[in-house]
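Inspection log for the structure reproduced underneath, given as structure tokens.
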Amino acid sequence: GEVKPDGQRYGGFYTQKDVKEIVAYAAERFITIVPEIEIPGHARAAMYSYPEYTCTGNRPGKMPLVGGVYGPVYCPGKEKTFKFLEDVFTEVLALFPGKYIHLGADECPKGDWKNCPACQKRIREEKLEPEEVVVAGKTHKRSAEDKLQSYTIARVQKFLESKGRKIIAWDEITEGG
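By my numbering, the letter at position 176 of the sequence shown is numbered 176, and the numbering carries on one by one without gaps.
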């Protein structure tokens, strides 16, 4: 793991064996562990390891030691991004037998998408037009990029539902409709 400013290490990982043991331990106590696999934002660590799934293909700088919203994010303009996510979720499903998978889906900076030819092509092909909607008496603007986020979540949702699972996410999942 990384070293904090105070010299202490943090971070690490669980092996698949560790996860299976934790899931079994919880299940014996009638607890279901719901994994949260963040898409399309909050993915800086994944993008550091797999920069080919970003819009630019560039590895982000060092991981920040404080919380916050940082890019880059997954590039939904690239088909290979969805293949990668399906592979990740296939592995996750084998480890977590519960009904629900949490997608995060919150705090996704969309600046890279505005400048990404592949994302803009996907927006055109899927007809993800900006719009204004009224929700609870308030007018909200949905950008094409907001709708691209919803498109991304919907594609992953369809895949997970085909495997008998249901998604949950933070309320920002509704931003793009």
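Backbone N, C-alpha and C fix where the C-beta goes; we use that ideal spot for every residue, glycine too.
- prompt: Gly111 by DSSP, collapsed to three states: which one?
  reply: Position 111 of the sequence shown, counting from 1, holds the residue named residue 111. In this structure, Gly111 counts as helix in the three-state DSSP scheme.
Chain-order list of residues whose beta-carbon lies under 7 Å from that of Cys108 (same chain, five-residue window excluded): Position 108 of the sequence shown, counted from the first residue, corresponds to residue 108. Excluding positions up to five away in sequence, the list reads Pro40, Gly41, Val73 and Gln149.
- request: Would you mind listing the beta strand (DSSP E) stretches within the segment 29-76 that are 3+ residues and don't spill past its ends, in chain order?
  value: Within the segment 29-76, the complete beta strand (DSSP E) runs of at least 3 residues are 36-39.
- prompt: Are there three or more Cβ pairs, one per stretch, closer than 8 Å when the segment 133-144 is compared with the segment 160-172?
  reply: Taking 8 Å as the limit for Cβ pairs, the verdict is that the segment 160-172 does not touch the segment 133-144.
- prompt: When the Cα atoms are used, what is the spatial distance from Cys116 to Glu125?
  reply: Residue mapping note: residue 116 aligns to position 116 of the sequence shown, counting from 1. Residue mapping note: residue 125 aligns to position 125 of the sequence shown, counting from 1. When rounded, the separation of the alpha-carbon atoms in Cys116 and Glu125 is 14 Å.
query: Taking the alpha carbon of Thr56 as the point to measure from, which residue in Cys119, Leu95 and Gln8 has its own alpha carbon closest?
result: Working through the sequence shown from its first residue, we reach residue 56 at position 56. The closest CA to that of Thr56, considering only Cys119, Leu95 and Gln8, is found on Cys119.
Under the three-state DSSP convention, the category Arg124 falls into: Locating residue 124 in the sequence shown gives position 124, where the first residue counts as 1. When secondary structure is reduced to three states using DSSP, Arg124 falls in the helix class.
task: Kindly indicate the opening and closing residues of the alpha helix (DSSP H) around Ile167.
output: In the sequence shown, counting from the first residue as 1, residue 167 sits at position 167. Run containing Ile167: none in the alpha helix (DSSP H); it sits in the beta strand (DSSP E), Lys166 to Ile168.
query: Do the CB positions of Ile33 and Ile22 come within less than 8 Å of each other?
result: To locate residue 33, count along the sequence shown from 1; it is residue 33. To locate residue 22, count along the sequence shown from 1; it is residue 22. Between Ile33 and Ile22, the C-beta gap is smaller than 8 Å, which places the two residues in contact.
message: As an exercise, report each continuous alpha helix (DSSP H) stretch of at least 4 residues that is fully enclosed by the segment 129-169, in chain order.
response: You should have 144-162.
message: Just to check my reading of the structure: Gly232 and Gly71 have Cβ atoms closer than 8 Å, yes? What is that Cβ distance to the nearest angstrom?
response: Any answer about residue 232 is impossible in this case: the structure gives the chain only from 1 up to 177.
- prompt: Can the beta-carbon of Tyr53 be found closer than 8 Å to that of Thr81?
  reply: Indexing the sequence shown from 1 puts residue 53 at position 53. Indexing the sequence shown from 1 puts residue 81 at position 81. Yes. Within cutoff.
query: Which value, in whole angstroms, describes the spacing of the CA atoms of Trp113 and Cys75?
result: The residue labelled residue 113 in the question sits at position 113 within the sequence shown. The residue labelled residue 75 in the question sits at position 75 within the sequence shown. Straight across, the Cα-Cα distance linking Trp113 with Cys75 is about 7 Å.
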